[in-house]
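For reference, the structure discussed in these notes is given below.
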């Protein structure tokens with residue numbers, strides 16, 4: 074059995090992490106020994122009796138900044154195991170985390186240590202410890218706990234044995250650069266809305282082609298920028314041509 078992929082999270086709110094990983098797919102991945110999540114409470118590595126992890130910024134300004142010493146102390150403690158790890162600071166200024174990056178980390182299986190920032194940010198000197206800054210999007214969150222969970226979830230579901238259906242990660246949105254095709258389940262007719270007949274036909278090739286075409290259609294409609302980055306097959310080009318012809322016909326028909 075392969076060694077578990079390990080995620081280490083430095084936080085001042087460990088219960089946020091514990092609560093999420095104790096449910097659903099991540100819980101099963103932990104139980105199966107496919108992943109390991111180690112949570113470190115930064116407050117446990119403070120040196121003052123009040124366990125202070127933040128302070129006012131030099132030069133003035135609103136908010137509080139995470140102090141360097143508790144984080145350095147935490148990482149010094151963790152590094153005593155002499156194991157290689159990649160240290161990531163979760164920050165709005167980091168590289169945008171994508172499905173492609175999730176796939177790269179899942180493939181490498183390296184140990185990831187994530188620092189969940191809080192307040193107005195972290196003392197700049199903490200950046201001397203890190204290998205990379207990651208962001209999950211161009212918006213501001215209260216802290217780095219949610220981004221760390223997003224990263225754990227996105228990577229874990231790509232690891233063999235985590236999902237029940239081994240092919241399902243390959244069929245989800247972004248896995249091949251496209252949005253996912255529409256999904257339907259029972260009943261076949263609901264309030265006058267019918268499931269496309271091809272999905273009920275039992276013809277696997279027709280179903281496969283329909284799904285690919287609809288994935289292309291959705292991507293063209295909602296995220297055309299993704300098509301620029303995707304390596305399209307000859308079939309994809311044919312399907313896109315069909316989609317555009319259908320759109321032209323629909324436009325002409327009013």
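Numbering (my numbering), first residue to last: 74 to 327.
We put the CB at the ideal spot given by N, CA and C, even for glycine.
Owing to the predicted nature of the structure, the values given are computational and were not obtained by experimental measurement.
Starting from residue i, follow its DSSP beta bridges and name the residues at the other end.
i, result
"residue 301", "Its beta-bridge partners do not exist; DSSP assigns none."
"residue 208", "169"
"residue 216", "191"
"residue 262", "267"
"residue 186", "81, 160"
Which first and last residues belong to the alpha helix (DSSP H) in which residue i is found?
i, result
"residue 81", "Looking at the DSSP string, residue 81 is not in any alpha helix (DSSP H); the run it does join, the beta strand (DSSP E), is 78–84."
"residue 282", "277–295"
"residue 320", "307–325"
"residue 89", "87–94"
If you draw a straight line from the C-alpha of residue i to the C-alpha of residue j, how long is it?
i, j, result
"residue 314", "residue 270", "22 Å"
"residue 260", "residue 272", "13 Å"
"residue 234", "residue 102", "8 Å"
"residue 152", "residue 158", "9 Å"
"residue 281", "residue 218", "39 Å"
"residue 213", "residue 322", "43 Å"
"residue 318", "residue 177", "37 Å"
"residue 198", "residue 216", "19 Å"
"residue 174", "residue 295", "22 Å"
"residue 179", "residue 229", "7 Å"
"residue 94", "residue 182", "19 Å"
"residue 255", "residue 288", "8 Å"
"residue 75", "residue 226", "19 Å"
"residue 171", "residue 220", "12 Å"
"residue 195", "residue 320", "51 Å"
"residue 156", "residue 132", "38 Å"
"residue 136", "residue 302", "40 Å"
"residue 291", "residue 284", "10 Å"
Using 8 Å for Cβ pairs, my map puts residue i next to residue j. What's the rounded Cβ distance?
i, j, result
"residue 108", "residue 84", "With 8 Å as the limit, residue 108 and residue 84 do not qualify as a contact, their Cβ atoms being about 17 Å apart."
"residue 118", "residue 202", "In fact, because the Cβ distance is near 13 Å, the residues do not count as touching under 8 Å."
"residue 207", "residue 190", "That pair is no contact at about 11 Å."
"residue 316", "residue 286", "7 Å"
"residue 138", "residue 128", "6 Å"
"residue 251", "residue 299", "6 Å"
Length-filtered (4 minimum) alpha helix (DSSP H) runs lying within the stretch 104–178: 141–151
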